[in-house]
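S.K.: According to this note's numbering, the sequence shown is numbered sequentially starting from 92. Virtual Cβ for every residue (Gly too), placed ideally from N, Cα, C. Below are the structure tokens for one structure; questions will follow.
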Amino acid sequence: MEEPGAHASPPRAMDMRSVLAESGELGRAMLGCDWAATPLGPLGTWPQALEIVVKAMLASRFAMWLAWGPDRTFLCNESCRRAMLGSKYPWALGKPARDVWAEIWSDIGPRIDKVFRTGVASRDESLMLMLERSGYKEETYQSLSCSPLADDVGHVAGILCVVSDDTDRVVGERQLTVLRELAAALATVQTEPEVYDVVARQLGSDLHLLPFGVVYVLEPGGASARLACCAGTEAGQPVAPTSVVADDPRAPWPLAQVRGGLVTVEDLASRFAVVPRGAGQEPPSSALIVPLTTRSDTAPVGHLVAGLNPHRRLDAAYEGFVSLLASQISASIASARAHDAERTRAEEHTPRFEPVDLAALTSAVTEMFRPATERAGLALDVDCAVGERLLLVDGDMWATIVSNLVANAVKFTFAGSITVRLRLSEPAGTSEPAVVPEPAGASEPSRRPTGSDDGVRVTLEVHDTGIGMAPSEQAHLFERLRRVDGADARSGEGSGVGLALVAELAGLHGGRLSVESAPGAGSTFVVDIACRIDGVASQSADRTGAAASRLGPEVANGTDRPRVLVVDDNADMRDCITGLLARDYVVDVAADGRAALDIVSRNVPDLVLTDVAMPHMDGYQLLASLRAHPEASRVPVVILSARADADAAITALEAGADDYLSTPFSARELLARVRSSIELERVRREAGRDRGLLTELQVSRELLDQAQQLARLGSWELDLDTGSVHGSGELFRMLELSPEEVRTSGLDTLLDRFVHPDDVDRVRAALEAGRSGGATVVECRVVTRDGTERVCDIRGSLLTDESGRPTHLRGSIQDVTEQKATQRALAAAALAQETARQEHRIAEELQRSLLPERSFTSDLLEVSAYYQPGVSGTDVGGDWYDVIDLGAGRTALVIGDVMGRGVRAAAVMGQLRAAVRAYARLDLAPSDVLELMDATVRDLDGEQIVTCLYAVCDPAEQVLVYANAGHPPPLLVSRDGEVHRLDGALGSPLGDASARLQEERVRVGWGTTVVLYTDGLVERRDSDLDSGIDALARHLVEQLPGIDGLAEQIAAAMCPSGADDDMAVLVAKLPDHVGMTAQMTLAVPSDEAGAATARQAVAETLGAWRIAPEAADDTVLLASELVTNALVHGRPPVVLGLRLTADEVVLEVTDGASFVPRTRRATPDDEHGRGLQIVSALADRWGTRVTGTGKSVWCVKRIDSPGAGEFDPTGSG
């Protein structure tokens, strides 16, 4: 049974010292404090309430501290010491809380005072506190829960503060917010200046993380860098000069030192006249410079200079945050420069003629607009049935022509359809509509395609049912930035740039662009160019425009090409994208996310391009699966969607996508996004690998030093020529000397100064043996500066030069003081364990010897009992049970639990079991028995707590009477399986000397089962007692109805792995079939004939039952004596009961008088006093008891069992 602290008297002085002694290093430090010099006073005089709280606090794993009394005296537990005190320990113990928390008292002091003043608890979530726990003011975020503490008289005398350090979570969330918002903002920029504008804005959004940030971009040649943007400061300020000479040692930032890693610049105050403070009160003292690289194999293109929060330590997480910022900036610069390069190339207007399947390319580009037309409710018809001849054109320019014309049609068409038609024809003179004049230079020989002499004319028609235009507008339609007056469109921009570009590109192919349109009748744009047929017709594998893929990365057509997985349920879109990527990438395709994952399981791609809306598994589900994939979690994912709004892009990026591309898109944009995403991931991977190598080296160095420190193992090296000594950091810490002091002191000085005088000679002898090539092994005592003796193990080996001459003696010195102490402690622990094992064995044997036999014989009650000590290694407890035959078919059921474990608890249990048996023989009411037991417990041990339940079961009357002294309630299971918890009559545990115990009376029918148990059966660490009792009730329904072995079955079901505590189970069941063969009841007349009437009724009944004459005569005489006593000395009504069981007759006489008769020694002259002596002589057992209305006297007479059915129980036969 677990010790119920609510009833135990709190341990005092010596017990408090024991608790501190067993509370680790903090407890020992508290024992060493001069508490007499504090307001709390010496140990042993502390208030009882304070001692209770301190014990609970020291045992808790949550960080806690308390302030007690008017001076707010400070105490804490081990978790708080590690998390919050730092260098203040052990000084802080016993000091006023306002001194301990001086740096944050202005924040927490008012909260503490309010709790003291009002007695109302307070709670603060993630409160920013500038703690000085590591030698500097550290920005931390703490959740504080302050509760009032009452003294022994109930007044608020202190507060208990439970602390949760949320610093890592809060800072991590803020860093993630900045990174996420930066990624979302950069996703839509196209130019390099836009990149720098976004970076400056986002870096300035949280100046707590980085007080200032400056981005420099290297000029061509890398000799100098110009300021690109800054946050937290102004351009031209000391920390943000507009230009920096990279290799100038006098430059404000040492950019030349930054190559592949990170460089920390310290002591900013001495480098700059003014250092920005950001959002804090103090300027940063250091900054981190990170290179910005677009390719891992080239020099940096720039640098990010990040001012570091002076109140945060530069750890791996902080470095990682700045590195991720730099990676995002690098990727955006690379993407912007790629876009610039493509725009520059497009502006050069130099066609690259190569064989292209023009029909396939035209269809693919047009199909990219189908999601847009479907969303707008427009029909899109494509008619490009011109065969598979390869024509010499610039595929990129042709894709631009088709894309612009179809986009223009979508923009100005609100209903109806768009038709794209491609036709080939032999050159011939034809009448043409009004056309744009051919651009100058369109027919320059250098730009004409070369191929076979066979030429064809290509006609592209894009017809729409849109708004059309007036003839007056058509003449100026192809001018740049031209906008049709009054034209409705899906977007506000003009039509000029796109159509002007189409006209120029058509002219570069020796063709022209024309238009036919009327207001309200739609428009038809016609591109007509002359092409040559490729002389090597069918050998090209690129049928959708090999030239278009030149926009991709310049990668050799080998096995080292990056692998791209295209996921889209639209076959035309898959074919289009595949055609654009196939030249420079290995392309896999899948129609949905499920098929894509199957491909990833076989070949992990370098990038995934995925649509959003797909059957079986959509794009976002695929993205989540990839991020959870053990091998593909870092693969870049580009989301393709028909939604072009910013919210859709932000949603994709927040879901974990690396980029977002809305349809329709140009080939250039697709290829640039694919290239930059793959390149960025490669840069991240290789930069991470480089940082990982540097980190591994640093970590290895730190781990070695940490291992030596934890093992108290120092390294040393003795120069045999000079006698100088060199050592490791742990050696210096052990000797409390600097490296210079060790080196200059020399061996002899060190030996004389630190080795115990009694051990110096042995150490010198061991070193001399080492000089000669022998083993240097010696154990000695080292005396530290403060006089403490430490036991050290010294080992060494000899080093020689190439000629074999000894040059150095190198080895280790290990502090083995704790090991020696541990060895002694282990020996003591082994002895203590063996002693405890013997005590456990003795206690178990004692307990089992005191418990009753598990078998109990009764015709009217079936009993099953089970006792089990706790699991192996647990002390035996004080659980016990007993079954006591009270006579007349009545049985006492007892179960109890003595607080504590071990021999003492088992001994107390044995005494209580003997006492309850003695009290039961008096046939007292259950409440009276327990009240006598309460006094017995207090006589045994004034501080002993015992729970006990005492019940009397009378099957003949079908009643159970019980009283409960703090014990778990018994369970009653009816014949139909319904379970009732008997939780009435619950009183205080025995030994508590509380109010008078009550008792309850419940009806129990035949087939009813009563289950008594101790708390070890139902109490668990991870659930409350009621849950355990409910579980027991469920098991009872499953286990019943059989009684044989039922108690053990219940224990096995409830505790399949064994119980932590010992347990006892007692099950009693009234048989399903009445255990009595027959019975008779007679209300005895109160007149003089009453005794005669009773004798006659008994004689007739016994005759009917065919009882042997001798037993029948004895029983009639017993009935006569008991009835006579009741009539003479008792009060009416007098009732006689006769019951026949298998092997005995039970006679019971009740009357209305409550005094209990007793036997007397009659003299020869007495006329009375012999009745009970006769009863005692004739009956096998007899007894008396007080009932609710008077008393009962009963006796039992054994008989030979009559044969079933051989008599008439009614007495008529």
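1. Return yes when the Cβ of V729 is within less than 8 Å of the Cβ of L700, no when it is not.
2. Starting from L254, follow the alpha helix (DSSP H) in both directions and report where the run begins and ends.
3. Rounded to the nearest angstrom, how far is the Cβ of L1088 from that of G1078, given a contact under 8 Å?
4. Does DSSP put I1141 in a helix, a strand or coil?
5. What do you reckon, are the CB atoms on L379 and V392 nearer than 8 Å?
6. Quick one: is M107 buried, meaning 16 or more other Cβ sit within 10 Å of its Cβ, or exposed?
7. Grab me the residues of V989's own chain with a C-beta within less than 6 Å of its C-beta, minus the 5 sequence neighbours each way, in chain order.
8. So, at 8 Å on beta carbons, what are the nonlocal neighbours of S418 in its own chain, with the 5 sequence-adjacent residues on each side left out?
9. Does the Cβ-Cβ distance between V497 and F444 come in under 8 Å?
10. Note the first and the last residue of the continuous alpha helix (DSSP H) segment covering E1191.
11. Considering Cα atoms alone, identify which of V882, E859, S894 is closest to L900.
12. Looking only at its own chain, which residues have a Cβ that is under 8 Å from the Cβ of R265, when we skip the five neighbours before and after it?
13. Classify Q293 as helix, strand or coil using the three-state DSSP reduction.
14. Look at the alpha carbon of A563 and the alpha carbon of T556, and state the distance between them as a whole number of angstroms.
15. Looking at T867 and R853, is the spacing between their C-beta atoms short of 8 Å?
16. Can you list, in chain order, the residues of its chain with a C-beta nearer than 6 Å to that of S236? Leave out the 5 residues immediately preceding and following it.
17. Excluding the five sequence neighbours on either side, which residues of its own chain have a C-beta within less than 7 Å of the C-beta of R1289, listed in chain order?
18. Relative to the alpha-carbon of K146, which residue among S732, E169, T164, A127 has its alpha-carbon at the smallest distance?
19. Since H394 and A316 should fall inside the 8 Å C-beta cutoff, what is the C-beta to C-beta distance between them, to a whole number of angstroms?
20. Which of the three DSSP states, helix, strand or coil, is assigned to P340?
21. Can you give me the start and stop residues for the alpha helix (DSSP H) that L33 sits inside?
22. Just how far apart, CA to CA, sit V1052 and C1044?
23. Which of the three DSSP states, helix, strand or coil, is assigned to R1289?
24. Can you tell me the Cα-Cα spacing of V1287 and L951, whole angstroms?
25. Report, in whole angstroms, the separation of the C-beta atoms of G1221 and G1243, which I expect to be a contact under 8 Å.
26. When you compare each of G814, L134, G818 to S806 by their alpha carbons, which one comes out closest?
27. CA-CA distance, D1291 and T1232?
28. Taking P1200 as part of the alpha helix (DSSP H), name the residues at either end of that continuous run.
29. Would you check if the distance between the CB atom of T164 and the CB atom of P187 is smaller than 8 Å?
30. With a CB to CB cut of under 6 Å and the five nearest residues on each side skipped, what residues in its chain are close to V1226?
31. Using the Cα positions of L471 and I509, report the straight-line distance between them to the nearest angstrom.
32. Between the beta-carbon of P727 and the beta-carbon of D749, is there less than 8 Å?
33. Which of helix, strand or coil does DSSP assign to P187?
34. Where do the ends of the alpha helix (DSSP H) carrying W192 lie?
35. Does T282 pass the burial test, meaning 16 or more other C-beta atoms within 10 Å, or should it be called exposed?
36. What do you get for I1179, buried or exposed, if any count of 16 or more other CB atoms within 10 angstroms of its CB means buried?
M.R.: By the coordinates alone:
1. yes
2. Leu is not the amino acid found at residue 254; the sequence shown has Val there. For V254, there is no enclosing alpha helix (DSSP H); the residue is part of the beta strand (DSSP E) that begins and ends at 247-256.
3. 4 Å
4. Helix, per DSSP.
5. Contact flag unset, no.
6. buried
7. Same-chain partners within the cutoff: G969, A996, V999, M1000, V1037.
8. L771, V774, R775, A778
9. no
10. 1181-1195
11. E859
12. D297, H299, L300
13. Three-state DSSP puts Q293 in a helix.
14. Note that residue 563 corresponds to Ser in the displayed sequence, not to Ala. Approximately 19 Å, taken between the alpha carbons.
15. With contacts defined by Cβ atoms closer than 8 Å, R853 and T867 do not form a contacting pair.
16. R214, V253
17. Correct list, in chain order: D1234, E1235, D1271.
18. Of the listed residues, the one whose Cα sits closest to K146 is E169.
19. Contact between H394 and A316 holds, with the beta-carbon distance rounding to 7 Å and staying under 8 Å.
20. coil
21. Here the chain covers residues 92 to 1304 and nothing more, so residue 33 does not appear.
22. 7 Å
23. strand
24. 14 Å
25. 7 Å
26. G818
27. In this structure, the CA atom of D1291 is about 10 Å from the CA atom of T1232.
28. 1200-1220
29. yes
30. A1174, T1241
31. 5 Å
32. For P727 and D749, yes; Cβs fall inside 8 Å.
33. strand
34. Unbroken run through W192: none, as it is neither H nor E.
35. exposed
36. First, the amino acid is wrong: residue 1179 is Glu here, not Ile. When all chains shown are included, E1179 counts as exposed.
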